[in-house]
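To start, the structure itself, in structure tokens.
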Amino acid sequence: MASATPIKSFESISGQIAKILASRIIRGELEPGQRILEQTVSDEMGVSRSPVREAFLTLEKQRLVEILPRRGARVAEMSREDIQSLYDLVTELYALAARKATESHTDEDLAMIRQTVENVRACAEEGDPDTYYEAIFEFSRAALEVARNPLLSQTLADLNALTRRAQFGTLSRRAGDLSTNAGFFERALEYVEKNDPKMVDQTIREYGCNEKDFALKLLVKSEE
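See the structure below:
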């Protein structure tokens, strides 16, 4: 485990532990199949084992860990079927969000989306996968806000950790491809500005398909 991580009092202890462990799983610091022991986490974070156990349950719901009877937890693997299922679902949901945002945006909404796309391009030009990764999720949050569909936002929030894990796994290996990747977001913005929900939908679907294909290729390479 990493060096001691302080727990802040204003948020539930189990929630903080879950966020810390989720970040490590998403970023590959905890690898697929790796055991995560209650006592080790408890000792590192200076808490009892009870909130650690609760954190494991949260991570299990997020499909980041598997809880093993009497053996603690281990980092969940991501199979070909997992990747296909995830991208098929989130692509549909984000395409819906993009269409709704295109149909209902105000001038202020458009300015907010435009700013996130400018940030995506700037991060792509820097060639830093970490900042680029955060920028694309900033774009997603803006689109969801403009779509104004709380149930859609909640559904995607429930899938957020798994989506972030898949996206980080691909983007962290493609520093040279970020500029091309950013083009999808610029095209999406163009169609939002033109009030063309059909083409926004198509662009998001192309992006999702591209990301799924890349994730599957990486999986094949890791299995060779």
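Going by the working numbering, the sequence shown opens with residue 64, and the numbers climb by one from there. Glycine is no exception: its CB is placed at the ideal position from the N, C-alpha and C atoms.
Assigned secondary structure, residue i (DSSP; H/G/I helix, E/B strand, else coil)
i, result
"VAL128", "strand"
"ARG98", "strand"
"GLN91", "In the sequence on display, residue 91 carries Gly and not Gln. Coil at GLY91, not helix or strand."
"SER111", "coil"
"LEU120", "helix"
"ASN244", "helix"
"SER75", "coil"
"ASP264", "helix"
"ARG211", "coil"
"SER257", "Correcting the residue type first, residue 257 is Lys in the shown sequence and not Ser. LYS257 falls in the coil class under three-state DSSP."
"LEU222", "coil"
"ARG236", "coil"
"LYS82", "helix"
When the options are compared against residue i, the one with the closest alpha-carbon
i, options, result
"LEU175", "GLN102, VAL138 and ALA210", "Note that residue 175 is Met in the sequence shown here, rather than Leu. Closest by alpha carbon: ALA210."
"GLU94", "PHE248, ALA139 and ASP193", "ALA139"
"ALA161", "LYS257, ALA224 and ALA278", "LYS257"
"ALA238", "ASP106, ALA118, ALA278 and GLU188", "GLU188"
"PHE202", "GLN178, VAL104 and LEU214", "GLN178"
"MET262", "GLY271, ALA251 and TYR270", "ALA251"
"PHE231", "GLN79, ILE83 and ILE88", "ILE88"
"GLU129", "ARG98, SER113 and VAL283", "ARG98"
"LEU173", "GLU249, GLU286, LEU281 and SER75", "GLU249"
"ASP191", "ILE267, GLY135, CYS272 and ARG236", "ARG236"
"THR233", "GLU107, ARG116 and MET141", "MET141"
"ASP240", "ARG137, LEU225, SER105 and ASN273", "ASN273"
Per-residue burial, residue i [other beta carbons within 10 Å of its own, 16 or more giving buried]
i, result
"CYS186", "buried"
"THR165", "buried"
"VAL288", "The requested residue 288 is not part of the displayed model; the chain covers only 64 to 287."
"SER77", "buried"
"SER242", "exposed"
"GLN102", "exposed"
"GLU92", "exposed"
"ARG228", "buried"
"LYS124", "exposed"
"LYS275", "buried"
"GLY109", "exposed"
"GLN79", "buried"
"THR169", "exposed"
"ASP264", "buried"
"LYS284", "exposed"
"PRO114", "buried"
"LYS280", "exposed"
"GLY271", "buried"
"GLU213", "Residue identity check: residue 213 is Pro in the sequence provided, not Glu. Under this definition PRO213 is an exposed residue."
"ALA220", "exposed"
Supposed contact pair residue j and residue i - C-beta distance, whole angstroms, cut 8 Å
i, j, result
"LEU127", "ALA85", "6 Å"
"LEU122", "ALA158", "The pair is not a contact, with the Cβ atoms about 28 Å apart (cut-off 8 Å)."
"ASN182", "ALA206", "Contact doesn't hold; Cβ gap of about 14 Å is too wide."
"LEU156", "THR218", "6 Å"
Open item on the list: For a minimum of 4 consecutive residues, which ranges assigned as the alpha helix (DSSP H) are wholly contained in the region 134–195?
Closed with: 143–167 and 170–189
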